[in-house]
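Chains as they are written, first to last, in the working numbering: chain A, 14 to 282; chain B, 5 to 371; chain C, 110 to 419.
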């Protein structure tokens, strides 16, 4: 028998709960990843390892559709995340490096609005808005909607970082004869880089992942990966969907991991 | 040493009736000061006294609510910090973490429009001056606290400012390093001939380095003078208390004759000291007596005739501090250097003693 | 994540105050044009007349709200009595979201606590482990869940192979499947605020309680839980609110019987069969509910903050 622990912090049963939690979170992803390598035509029986469904994604009958959807997803995410990150960086500077002002609370409310409004409501509202001004739905409407709801996701790590960077660095630069513009570009921006990169990556993933809003504003004929996958899943889960899912999963995990290590390496210095 | 107010021609920084208010809070009240060229000038006071505010106003980081600041005759309080030929050593150094040591030191010169080559050459010289040449290519985070502090100095000195501002630059260092840096700072000031304005709350730091000290409290100047004057001739209770240790005794002035005041200490004791302006017979005032200017003996050796009993002895390294309860009077602290032990005996608690005072040791103070 | 919504952060520095307007202008323009204006437009649409092939006719009407709340008989000519169909859908959504919140709390609290009591150096790694799945596409996660829970899926295969059950469990298309899907969607929102408050908790208080003869569980109940309550409440609301309006989990895991608000709204805008004003009205009602909940949260957070400062 081991000695009973008297560690005041330890509660029996909390470790098993944590393990259960991680199992629930990871098991479905792992199972789908494994089954994406199944050589069988059916999703139910395991018939051995194979890359045939990955080949099918790129060369099969639906390859064109998925390639176009992937291209749309990627370009929209890239443009939306870049624009949102730029807007969020400027906004964070205005919120955190420009003193107190009357509209500050209101501005913050506006920036966090997309986080407070349920996604389905944003989706409906955006659809109605584009409809009311006679904007034809398509690639552009998706892009505009994505830029808007990516802003708070880019803003959060950027503003957190900016609050962590003391303003004495910029004061030191001003003291050493830098102009405010130089203090911004030569000192603040480089020091902000980890936050800006995190913000960009998060915005990129959020855009890449979005289904509901895209589904409402996409219009006929334009698909992104999530809407294409959703359409396919409605007819039943097929093995090629699992291959696509696994690839998307890998992209997300890689990007989040990069973001994690950037923030971690930065905390050390 | 410069003891008097400097001549107009040699004034580096002239603070003229400067007031700073944050909303309803007044951080600095009608402050007027003149700092001479080539002077090591210290702003000393407890936290919140306004010393850092004043320094940041000279640097240009705080707006001036009222009054003017002149730098070698030019009015500067409306200039942005990057247009003022003064540089600052920040409390936590504020070394740019993404730049090498050399790039940090060269930054100011580059911003002034010098060529990259010239800036780097000058940075190299400055690093030599602070003996950090071998660390030129490191990042600030790879240096120790003392090294970072010297980089901050080199960076602020590189553009050859007319005045160097130092905001508690030693407070982040440990005791030994702090003491060593005092000498380095002092000799650096002599070598460069640049006016240093040094902010600290550490009176020992102020006393050891400064040509002149401005003691501040509650946004007001309490006393301005050379280190020795401030220690030996404090103007008021705050200064006497803040600088060094003192016995502060509540007394009543009995009478004043020939520039000497006789003060009633309670009990049957009376002490005499130099009279000061504005104090007449009957006034309730304070007497300040430094503990090291008192000594103990078995029999009375001076005219004051203070008698009492030893309450306790406290060993504090170089000295022994003896607390004496005067008969029918207040307690008083006497400090005896341990090196004097051969000549004076140690009195144990309970012993009856006489407390003697060096001539001129007692100073009359008002609140 | 939404946890940041509680505070705007400080603004001690004013280095760029001259440029403030220009710095904030892009976000003001984009967000008022693409988020604020659409919500206003949605409010207007909810008071318009429906067009039969989708869209609206610009004519004021309260028909959408009337349809939501009032039953007027087969021919629509009877006086208003309460219409239960949509209220029931909302009620089911609230119930499902609450169940998912409870599930998240029961599993998330011990997890958050466990992580917060790990050595400081490896805590970020644990937090990272919990948040990774959140960053994986929600659609893919929901599809994966469905794949695992299917009647012929790996979970049933496994349970039957071990002999625990003889016939496959029917999980998909049940309430429980939806709750599990919602749990899976929003769990990090539960774990992170609780983690943050447990991390801030001063464990000397637990030691003091133990010193004064409290048992571990009494200490948990009487000392720790009250101290981390703001985190728990924030976590619950952050799971409850998005669950309420979720679309994917109920749609993919719930099937027709377990219709929730999200699907109801989505249907109004699909093809020609929809009813835009009604969809806008339902979305407005959902938005109002959420804003009320968030206001309560904000007030509670403000009070907690004031309490902490006092």
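The beta-carbon is built from N, C-alpha and C at its ideal position, and this holds for glycine as well. Treat the numbers as computed from the prediction; the structure is a model and nothing was measured.
Can you tell which of the options has the C-alpha that lies nearest to the C-alpha of residue i?
i, options, result
"residue 143(B)", "365(B), 216(B), 188(B), 106(B)", "106(B)"
"residue 234(B)", "214(B), 194(B), 169(B), 70(B)", "214(B)"
"residue 175(A)", "111(A), 250(A), 124(A), 88(A)", "111(A)"
"residue 163(B)", "39(B), 115(B), 22(B)", "115(B)"
"residue 139(C)", "98(A), 219(A), 62(A), 77(A)", "98(A)"
"residue 145(B)", "102(B), 30(B), 199(B), 286(B)", "102(B)"
"residue 384(C)", "165(C), 123(C), 137(C), 274(C)", "165(C)"
"residue 304(B)", "59(B), 258(B), 359(B), 335(B)", "359(B)"
"residue 311(C)", "324(C), 296(C), 332(C)", "332(C)"
Quick check on the burial criterion: 16 or more other C-beta atoms within 10 angstroms. Buried or exposed for residue i?
i, result
"residue 184(C)", "exposed"
"residue 114(C)", "At residue 114(C) the pLDDT is 34, less than 50, meaning the model places this residue with poor confidence; the figure from the coordinates comes in the next sentence. Flag for residue 114(C) reads buried."
"residue 54(A)", "exposed"
"residue 108(B)", "buried"
"residue 73(C)", "Any answer about residue 73(C) is impossible in this case: the structure gives chain C only from 110 up to 419."
"residue 225(A)", "buried"
"residue 340(B)", "buried"
"residue 129(B)", "exposed"
"residue 267(B)", "buried"
"residue 170(A)", "buried"
"residue 141(B)", "exposed"
"residue 377(C)", "buried"
"residue 352(B)", "exposed"
"residue 116(C)", "Legend: pLDDT at residue 116(C) = 40, less than 50; position of this residue unreliable, value from coordinates given subsequently. It counts as exposed."
"residue 282(A)", "The pLDDT assigned to residue 282(A) is 44, lower than 50, so where the model puts this residue is not dependable, and the model offers no usable value."
"residue 284(B)", "exposed"
"residue 184(A)", "buried"
"residue 84(A)", "exposed"
"residue 111(C)", "Unreliable placement is indicated for residue 111(C), whose pLDDT of 35 sits below 50; no coordinate value is reported for it."
Can you pull the chain A neighbours of residue i, defined as C-beta to C-beta under 8 angstroms?
i, result
"residue 316(C)", "21"
"residue 94(C)", "Because chain C in this structure spans residues 110 to 419, residue 94(C) falls outside the shown range and cannot be described."
"residue 406(C)", "The premise fails here: residue 406(C) is roughly 10 angstroms from chain A at the closest Cβ pair, so nothing lies under 8 angstroms."
"residue 256(B)", "Ordered by position in chain A, no residue passes the 8 angstroms Cβ test against residue 256(B), which lies about 51 angstroms from the chain."
Cβ closer than 7 angstroms: which chain C residues qualify as neighbours of residue i?
i, result
"residue 269(A)", "241, 244"
"residue 63(A)", "Neighbours of residue 63(A) on chain C: none; closest Cβ ~18 angstroms, over 7 angstroms."
"residue 253(A)", "The contacting residues do not exist; residue 253(A) stays about 13 angstroms from chain C at best."
By the criterion of Cβ-Cβ separation under 9 angstroms, what are the contact partners of residue i in chain A?
i, result
"residue 257(C)", "40, 41, 44, 45"
"residue 69(B)", "Going along chain A, no residue has its Cβ under 9 angstroms from residue 69(B), so there is no contact; the nearest lies around 16 angstroms."
"residue 86(B)", "186, 187, 188, 189, 190, 191, 192, 193, 195, 196"
Name, please, each residue of chain A whose Cβ falls closer than 7 angstroms to the Cβ of residue i.
i, result
"residue 371(C)", "133"
"residue 126(C)", "111, 112"
Under 9 angstroms Cβ-Cβ, which residues of chain B neighbour residue i?
i, result
"residue 248(A)", "Residues of chain B passing the Cβ test: none, with the nearest at roughly 53 angstroms."
At 8 angstroms on the CB atoms, spell out the chain C contacts of residue i, in chain order.
i, result
"residue 236(A)", "Those within 8 angstroms of residue 236(A) in chain C number zero; the least Cβ separation is about 13 angstroms."
"residue 86(A)", "Within 8 angstroms Cβ-Cβ: nothing; residue 86(A) doesn't reach chain C, min ~10 angstroms."
"residue 242(A)", "248, 249, 252"
"residue 67(A)", "Chain C residues near residue 67(A): none, gap ~16 angstroms exceeds 8 angstroms."
Against residue i, what residues of chain B qualify as contacts under a CB-to-CB distance less than 8 angstroms, listed in chain order?
i, result
"residue 90(A)", "Under the 8 angstroms cutoff, chain B gives no residues; its nearest Cβ is about 28 angstroms from residue 90(A)."
Inter-stretch contact (C-beta, 8 angstroms, three-pair minimum) for the region 256 to 276 of chain A and the region 41 to 51 of chain A: The region 256 to 276 of chain A, when compared against the region 41 to 51 of chain A, does touch it at the 8 angstroms Cβ threshold.
Short-range partners of chain C found in the region 155 to 181 of chain A, where Cβ spacing is below 7 angstroms: Identification of residues in the region 155 to 181 of chain A having a C-beta nearer than 7 angstroms to some C-beta of chain C yields 157, 158, 160, 161, 164, 169, 172, 176, 180, given in sequence order.
Short-range partners of chain C found in the region 205 to 222 of chain A, where Cβ spacing is below 7 angstroms: Within the region 205 to 222 of chain A, those residues whose Cβ lies closer than 7 angstroms to any Cβ of chain C are, in chain order, 218, 222.
Cβ-based contacts, 8 angstroms cut-off: residues of the region 187 to 207 of chain A near chain C: Going along the region 187 to 207 of chain A in chain order, one finds 187, 193, 196, 197 with a Cβ nearer than 8 angstroms to chain C.
Residues in the region 111 to 125 of chain B having any Cβ partner in chain A nearer than 8 angstroms: Answer in chain order: 111, 112, 115, 116.
At least three beta-carbon pairs within less than 8 angstroms, the region 89 to 105 of chain B to the region 164 to 183 of chain B: Under the three-pair Cβ rule at 8 angstroms, the region 89 to 105 of chain B counts as touching the region 164 to 183 of chain B.
The region 197 to 216 of chain A in contact with the region 67 to 80 of chain B per 3-pair CB rule at 8 angstroms: The answer is no - the region 67 to 80 of chain B does not touch the region 197 to 216 of chain A, with fewer than three Cβ pairs under 8 angstroms.
Sufficient close CB pairs (3 or more, under 8 angstroms) joining the region 389 to 402 of chain C to the region 143 to 160 of chain C: Touching, yes, given that three or more Cβ pairs across the two stretches are closer than 8 angstroms.
Chain A contacts from the region 158 to 172 of chain C (Cβ-Cβ distance under 7 angstroms): Within the region 158 to 172 of chain C, those residues whose Cβ lies closer than 7 angstroms to any Cβ of chain A are, in chain order, 164.
Against chain A: residues of the region 94 to 109 of chain B by CB proximity under 7 angstroms: Considering only beta carbons, the part of the region 94 to 109 of chain B lying closer than 7 angstroms to chain A consists of 94, 96, 98, 100, 101, 102, in chain order.
Members of the region 54 to 67 of chain B near chain A, C-beta cut-off 7 angstroms: Of all residues in the region 54 to 67 of chain B, 63, 65 have a Cβ within less than 7 angstroms of some Cβ in chain A.
Cβ contact check for the region 315 to 322 of chain B and the region 274 to 294 of chain B: 3 or more pairs under 8 angstroms: Of all C-beta pairs linking the region 315 to 322 of chain B to the region 274 to 294 of chain B, fewer than three are shorter than 8 angstroms, placing the two stretches out of contact.
Three or more C-beta pairs below 8 angstroms linking the region 45 to 62 of chain B and the region 266 to 275 of chain A: With a cut-off of 8 angstroms, the region 266 to 275 of chain A and the region 45 to 62 of chain B do not count as touching, because too few Cβ pairs lie within range.
Three CB pairs or more closer than 8 angstroms across the region 176 to 195 of chain C and the region 257 to 272 of chain C: Because the criterion of three Cβ pairs below 8 angstroms is not met, the region 176 to 195 of chain C and the region 257 to 272 of chain C do not touch.
The region 357 to 369 of chain B touching the region 89 to 106 of chain A, judged by at least three CB pairs closer than 8 angstroms: In short, these stretches do not touch, since the Cβ pair count stays below three.
Contact list for the region 161 to 179 of chain B against chain A, Cβ threshold 8 angstroms: Answer set for the region 161 to 179 of chain B: 163.
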